[in-house]
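Below: the structure, in C-alpha cells.
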Amino acid sequence: MTCRERAGQVRDRYDEILSAGAGVVAIGTGGRRYARAFIEDELVPFPVLLDEDGAAAEIVGTNTLPVVGLVAPRQVAAGVRAVAGGNRQRRSGRRPFQLGATLVIAPGDVLMYEDFEDYAGDHADLDEVLEVLAP
Amino acid sequence: MSFDVKLLADQVLVDPHGTGERLGDRWSDDPQVVLFLRHFG
Numbered sequence: 001m002t003c004r005e006r007a008g009q010v011r012d013r014y015d016e017i018l019s020a021g022a023g024v025v026a027i028g029t030g031g032r033r034y035a036r037a038f039i040e041d042e043l044v045p046f047p048v049l050l051d052e053d054g055a056a057a058e059i060v061g062t063n064t065l066p067v068v069g070l071v072a073p074r075q076v077a078a079g080v081r082a083v084a085g086g087n088r089q090r091r092s093g094r095r096p097f098q099l100g101a102t103l104v105i106a107p108g109d110v111l112m113y114e115d116f117e118d119y120a121g122d123h124a125d126l127d128e129v130l131e132v133l134a135p
Numbered sequence: 136m137s138f139d140v141k142l143l144a145d146q147v148l149v150d151p152h153g154t155g156e157r158l159g160d161r162w163s164d165d166p167q168v169v170l171f172l173r174h175f176g
C-alpha cells in the first residue's frame, strides 16, 4: 500500500515536476497485470516500467526490508499513515521485501539525487526533489 | 555516486503491455525522477 501512497504523492505534484522541466518514470516489481491495474486504480499519469527480474534494482542497490522490520514501530506507523490516506493493501507483488528509491538522473547519465527507503513508506521528500530540479 | 548510472541506463525494461525500452532513453533529453516502487500491492 505504501507504493500506492507514493504514487499518489508524486501524481499530486506531477505538474510541478513537469514545470521544472523534468519527467517521471516509475519502476515496479509487479507483473504486467498488476501494473495495469495499479495505473488504473491510482490514476498514474506518468510511465510505469517493470523490473521483472530485479536487475535494475540490484544495480541501484535498493534496500531490503528485513522480515522483523514488518513489525517495527516506524513501519507500523507508515502503514497506518498509508491506510489513513485511503490506500489499501492488495495482493502482494513480486519481491515484496524490496524497498523503494527515488533518483533524479539528468542527460549524460548524471545522478543528481538519490534517496533509498530504509523501510516501506520512508519516501523521499518531494520538496528536496523539486529543489534539485529547480534550485 | 553509489551505483553505475550507465549500467542502469542500458537496462531494457518493459511497460505493462510488454514493450521494451532502454531505460536511459528516458533521461537522454531531460532530467527524470526515477521512482523505484516497492511493489504493486
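As given, the protein sequences belong to chains L and U, one line each in that order. Sequence positions in the first sequence follow our numbering and run 1 to 135. Sequence positions in the second sequence follow our numbering and run 136 to 176. Even for Gly, the Cβ is constructed at its ideal location relative to N, Cα and C.
For a test of the three-state rule: what should DSSP assign to Arg13/L, helix, strand or coil? If DSSP states are grouped into helix, strand and coil, Arg13/L belongs with coil.
Less than 8 angstroms between the C-beta atoms of Ala124/L and Leu99/L, yes or no? Taking 8 angstroms as the Cβ cut-off, Ala124/L and Leu99/L do not qualify as a contacting pair.
With a threshold of 8 angstroms, are at least 3 pairs of Cβ atoms found where one atom belongs to the region 101-117 of chain L and the other to the region 155-169 of chain U? yes
Spatial neighbours of Phe97/L within its chain, please: CB distance less than 6 angstroms, with the 5 preceding and 5 following residues excluded, ordered by chain position. Counting only Cβ-Cβ distances below 6 angstroms, and skipping sequence neighbours, we find Thr64, Leu65.
Residue closest to Leu142/U, alpha-carbon to alpha-carbon, out of Ala55/L, Gln9/L, Gly30/L, Arg33/L: Ala55/L
Tell me which residues share the same chain as Leu111/L and place their Cβ nearer than 8 angstroms to its Cβ, disregarding the 5 neighbours each side in the sequence. Leu103, Val104, Ile105
So the alpha helix (DSSP H) Val132/L belongs to, where does it begin and stop? Judged by DSSP secondary structure, Val132/L falls within the alpha helix (DSSP H) whose first and last residues are 126-133.
Given that Arg32/L touches chain U, what residues does it touch there, using C-beta distances under 8 angstroms? Simply Val149, Pro151, His152, Gly153.
Rounded to whole angstroms, how far is the Cβ of Phe138/U from the Cβ of Gly61/L, which I believe are closer than 8 angstroms? 5 angstroms
Taking Cβ-Cβ distances shorter than 9 angstroms, what residues in chain L pair up with Arg157/U? The premise fails here: Arg157/U is roughly 11 angstroms from chain L at the closest Cβ pair, so nothing lies under 9 angstroms.
DSSP beta-bridge partners for Gln167/U? Gln167/U pairs with Gly23/L, Ile105/L.
Nearest chain L C-beta to Asp160/U closer than 8 angstroms, yes or no? So, not an interface residue.
Outcome for Glu5/L when other beta-carbon atoms lying within 10 angstroms are tallied against a minimum of 16: Buried is the call here.
Between the CA atoms of Trp162/U and Asp150/U - distance to the nearest angstrom: 16 angstroms
Could you please tell me which residues of the region 43-55 of chain L, in chain order, have their CB closer than 8 angstroms to any CB of chain U? Pro47, Val48, Leu49, Leu50, Asp51, Glu52, Ala55
Indicate whether at least one CB of chain U lies closer than 8 angstroms to the CB of Gly8/L. no
Figure out for me which residue from Arg13/L, Gln9/L, Ile17/L has the closest Cα to the Cα of Pro135/L. Ile17/L
For Asp109/L, decide whether its Cβ has a neighbour in chain U, counting only Cβ atoms nearer than 8 angstroms. yes
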